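Residue numbering for the sequence shown follows this note's numbering, starting at 254 and increasing by one per position. In this text, a Cβ means the ideal position worked out from N, Cα and C, and glycines have one as well. Computed from a predicted model, the values in this text were never measured in an experiment. Following: one structure in structure tokens, then a few remarks.
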Amino acid sequence: MKNRSLLMIPGPIEFDPAVLAALGAPTTGHLAPTFMEAFGQALERTRTLFQCAKGQPFVLAGTGTLGMDTVCANLVAPGDNALVINTGYFGDRMGTILERYGAKATHIRSAPGAHPTLADVEAALKTAAFKVMTITHVDTSTGVLTDVKGLADLGRRYGALVIVDGVCSVAGEDLNMDAWGVDAAFTASQKAVGVPPGLALLVVSSRGMEAFKTRKTPVLSYYSDWSNWLPVMEAYEARKPVYFGTPAVNLIFALNVSLGQILQEGLDARFARHIRMSRAVKAGITALGLGQVPQNEEIAAHTMTAPRYPSGVSGSDLIPAIGKAGVTLAGGLHAEIRNEYFRIGHMGAVTQGDVLATLGAIETGLAVCGYKFESGVGTAAAVKFLAAG
Ligand code: PMP
């Protein structure tokens with residue numbers, strides 16, 4: 254295909270042809286038996302994906318921000334305390350939404366590229382009775398991966414409901430709601446889940462649903478209110494017709510295809526593949542002499558990489574030069590360091606070929622921008638890593 258650019262931003266990503274074909278199929282009615290089957294199966298598969306055997310899945314038309322909105326609207330009430338483990342841009346957004354629904358948000362922040370220690374979080378948890386604690390699994394503005402297991406354990410010990418923003422992690426990083434004690438987690442279709450933008454996926458634990466069902470005040474958003482959506486999700490899982498708001502029929506057919514592929518690959522194999530692709534990209538970036546935003550490898554995401562620009566090279570030159578070489582990458586997002594780094598997404602159906610094409614385009618872009626390096630050294634490092642098995 255002429256003029257095709259490889260889309261390697263942290264969402265939306267490159268999508269599998271079978272998923273795209275489902276989007277282009279004739280639209281059925283939302284009560285058609287084939288649609289009820291696809292939606293019911295997609296809900297069951299969503300529960301499996303989030304590793305929450307008794308959790309309540311919701312699949313809603315909207316973006317990842319709707320996932321954030323609906324969790325906050327349903328799990329907090331005016332006057333509640335909320336603790337936000339803030340590792341970047343999306344922690345700020347979570348705080349804004351919590352406050353919109355009347356909660357008092359306390360942020361624990363760290364420098365861009367770092368994350369708060371468990372000791373910092375425990376000290377904060379001692380300062381008030383927090384109704385919820387929120388964690389961004391991978392903050393897409395920094396590429397920092399948080400220790401959800403350790404943090405969730407702490408939050409639970411202090412009686413908080415644990416909410417995880419998994420928009421840049423679910424289906425790419427291991428997120429085990431049951432084993433780690435997570436009460437609500439959400440993602441969006443356009444990232445590692447592998448479906449074009451337009452769906453929010455959410456799973457709520459039994460404890461989370463109990464907190465919702467026993468809340469004393471009404472949910473302050475009509476569209477986000479689980480009272481409206483719970484009967485819909487329950488009916489589709491029972492393959493029974495129901496209506497509240499017209500489901501995004503083609504996106505849900507496409508979601509079911511993608512979830513089928515994800516579970517066919519197997520979650521463990523999929524997480525291992527993401528780690529492998531991530532290490533190959535990071536080996537290439539390091540060999541080129543570029544630093545990264547996350548302070549060390551243990552806290553760097555496997556769904557994306559956030560390389561720093563080398564000195565003398567600016568994003569406004571480099572990103573278009575990489576684009577000309579056939580690969581679309583994203584610039585910085587974190588306000589404090591926006592012009593110091595760029596972002597590569599490597600999730601979902603990402604292949605070795607995509608990784609090598611991306612590193613090749615980055616090298617081409619760097620050369621065009623006058624950066625001095627040994628030509629081929631980045632791709633060679635990735636090839637060496639991949640060849641080692
Ligand atoms: N949280 C995180 C971690 C994200 O990366 C994003 C999107 N980049 C969002 C929330 C919001 O998702 P959306 O853009 O689909 O509303």
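Problem - Option in T611, S567 and E593 with minimal Cα separation from V580 - result: T611
Exercise for the section: Check the C-beta distance from P428 over to H390 and give it rounded, since I have them as a contact under 8 Å. Expected result: Just to set this straight, residue 428 is Leu in the shown sequence, not Pro. At roughly 6 Å, the Cβ-Cβ gap stays under 8 Å, so L428 and H390 are in contact.
Practice task
Report yes if the CB atom of D436 is closer than 8 Å to the CB atom of R460, and no otherwise.
Solution key: yes
Exercise for the section: May I ask which residues mark the beginning and end of the beta strand (DSSP E) holding V448? Expected result: Where V448 is concerned, there is no enclosing beta strand (DSSP E), given that its DSSP letter is neither H nor E.
Exercise for the section: Determine the extent of the alpha helix (DSSP H) in which M530 is found, giving its start and end residues. Expected result: L520 to A540
Problem - Where G623 sits in the DSSP three-state scheme - result: coil
Handout entry: alpha helix (DSSP H) segments (min. 4 residues) lying fully within the segment 433–508
Key = 459–466 and 479–490
Exercise for the section: Have a look at L351, G396, K379 and D373 and flag the residue whose alpha-carbon is nearest the alpha-carbon of T387. Expected result: L351
Practice task
Hey, could you find the ends of the alpha helix (DSSP H) L571 is sitting in?
Solution key: G568 to K577
Exercise for the section: Could you please give me the residues that DSSP links to A314 through a beta bridge? Expected result: L452
Handout entry: Straight-line Cα distance separating I615 from Y354
Key = 43 Å
Problem - Neighbour flag for S363 against chain B, beta carbons, 8 Å - result: Absent here is chain B; the protein component of the structure consists of one chain.
Exercise for the section: For T393, verify whether its CB is less than 7 Å away from any heavy atom of ligand 1. Expected result: yes
Problem - Same chain, Cβ closer than 7 Å to V502, five either side skipped, listed in chain order - result: T280, T281, H283 and F288
Problem - When T556, G542, N339 and E593 are compared against S628, the one with the closest alpha-carbon - result: G542
Problem - First and last residue of the uninterrupted alpha helix (DSSP H) at I350 - result: Y342 to R353
Exercise for the section: Please name the residue in P365, A602, H360 and E375 whose C-alpha comes closest to that of E267. Expected result: A602
Problem - Beta-ladder partner(s) of R561, from DSSP - result: Y594
Exercise for the section: Compute the distance between the beta-carbons of T556 and M600, then report whether it is under 8 Å. Expected result: yes
Practice task
Say yes only if the C-beta of F343 is nearer than 7 Å to one or more non-hydrogen atoms of ligand 1, and no if none qualify.
Solution key: yes
Exercise for the section: Might you give, ordered along the chain, the residues of its own chain that have their beta carbon closer than 8 Å to the beta carbon of T632, omitting 5 neighbours on each side? Expected result: G537, L609, L612, G613 and E616
Exercise for the section: Determine the burial state of Y342: buried for a count of at least 16 other Cβ atoms within 10 Å of its Cβ, exposed for fewer. Expected result: buried
Problem - Contact test: M321 Cβ vs ligand 1 heavy atom, cutoff 7 Å - result: yes
Problem - beta-carbon G317 near ligand 1 non-hydrogen atom, thresh 7 Å - result: yes
Practice task
Could you check what DSSP says for M261 in three-state terms: helix, strand or coil?
Solution key: coil
Practice task
Would you mind giving the Cβ-Cβ distance between A306 and Q548, rounded to the nearest angstrom? I have them listed as a contact below 8 Å.
Solution key: With 8 Å as the limit, A306 and Q548 do not qualify as a contact, their Cβ atoms being about 35 Å apart.
Practice task
Could you have a look at E267 and say whether DSSP puts it in helix, strand or coil?
Solution key: coil
Practice task
Spatial neighbours of D392 within its chain, please: CB distance less than 7 Å, with the 5 preceding and 5 following residues excluded, ordered by chain position.
Solution key: T340, G341, Y342, F343 and G344
Problem - Boundaries of the beta strand (DSSP E) in which L378 is found, first to last residue - result: Per DSSP, L378 belongs to no beta strand (DSSP E); it is in the alpha helix (DSSP H), L371 to L378.
Exercise for the section: Could you tell me if the beta carbon of A641 falls within a distance shorter than 7 Å of some heavy atom in ligand 1? Expected result: no
Practice task
Use the C-beta contact count for A553: other C-beta atoms within 10 angstroms, 16 or more gives buried, fewer gives exposed.
Solution key: buried
Problem - A445 versus A424: straight-line alpha-carbon distance, rounded - result: 5 Å
Practice task
For A553, write down the residues that DSSP places opposite it in a beta bridge.
Solution key: V397
Problem - Cutoff 6 Å; reference G293; Cβ partners in own chain excluding five residues on either side - result: Y489, E490 and R492
Exercise for the section: Let me know the secondary structure DSSP gives K637 once reduced to three states. Expected result: helix
Exercise for the section: Tell me whether A437 counts as near ligand 1, meaning its Cβ is closer than 7 Å to at least one heavy atom of that ligand. Expected result: no
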